[in-house]
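So the sequence shown is residues 4 to 145, counted in our numbering. Notes for the one structure printed next.
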Amino acid sequence: MTLALRVGLSVLALIELVLGVWTLCFPESFYRDVPTVSLTPPYSEHLFRDFGGATLGVAIVLAAAAVWPETRLVIIALLAYLAFSVPHLVFHLGHLQAATAAEAALLTTGLVGLVVLPLALIVVAVVRARRTSSSAEAAEHR
Numbered sequence: 004m005t006l007a008l009r010v011g012l013s014v015l016a017l018i019e020l021v022l023g024v025w026t027l028c029f030p031e032s033f034y035r036d037v038p039t040v041s042l043t044p045p046y047s048e049h050l051f052r053d054f055g056g057a058t059l060g061v062a063i064v065l066a067a068a069a070v071w072p073e074t075r076l077v078i079i080a081l082l083a084y085l086a087f088s089v090p091h092l093v094f095h096l097g098h099l100q101a102a103t104a105a106e107a108a109l110l111t112t113g114l115v116g117l118v119v120l121p122l123a124l125i126v127v128a129v130v131r132a133r134r135t136s137s138s139a140e141a142a143e144h145r
């Protein structure tokens, strides 16, 4: 279970790291080159750079949880990630009109996956914590 948590957290951290560096350092490229981003103009360098910095912050928290997968840190990191990914999904679901059918399908599938994965990882973290505490309690009573 710990391996699954580490892998899932690392995947999310890597995605956030790439997006954060790209958005912070090359905001115009992010706006221009990432499919569907330019569907909701206008471009704002300030907003994109701020978003990149915030995204890097989330990447750091997710990476820390992958390195030190203590249950509280894992859950806090995943909730912080979900605080962005859920509203992001909801926004895009309401703004698919300008997207092609392929863009809409890709965007929806990807964003749903980026909500389902952290939710599943929270379940894994809670189950692991309960098993660990049950094992510890059983050992105390022996």
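Every residue, glycine too, gets a C-beta built ideally from N, C-alpha and C.
Item                                                                                                                    : Value
Other residues of its chain near Ala68: CB distance less than 7 Å, five sequence neighbours each side excluded          : Leu12, Leu76, Val77, Ala80
Opening and closing residue of the alpha helix (DSSP H) in which Gly55 lies                                             : 48–70
Close Cβ partners of Gly55 (< 6 Å) along its chain, the five nearest in sequence each way excluded                      : Gly23, Thr26, Leu27
For Leu59, the nearest candidate out of Leu110, Leu17, Val115 (CA to CA)                                                : Leu17
Buried or exposed (CB count within 10 angstroms, at least 16 for buried), Val128                                        : According to the sequence as given, residue 128 is Ala; it is not Val. So Ala128 counts as buried.
Residues near Thr5 in its chain [Cβ-Cβ closer than 6 Å; skip 5 each side]                                               : Pro72
Residues of its chain near Pro121, where Cβ-Cβ distance is below 6 Å and the 5 sequence neighbours each way are ignored : Leu81, Tyr84, Leu85
Supposed contact pair Thr39 and Ala132 - C-beta distance, whole angstroms, cut 8 Å                                      : Contact doesn't hold; Cβ gap of about 37 Å is too wide.
Proximity to Val93 [Cα-Cα], best of Thr111, Ala104, Gln100                                                              : Thr111
Anticipated Cβ contact below 8 Å, Leu65 with Leu15, distance rounded                                                    : 5 Å
Spatial distance of Val119 from Val10 (CA atoms)                                                                        : 15 Å
Sequence-distant residues of its chain with Cβ nearer than 7 Å to Thr43 (five each side left out)                       : His98
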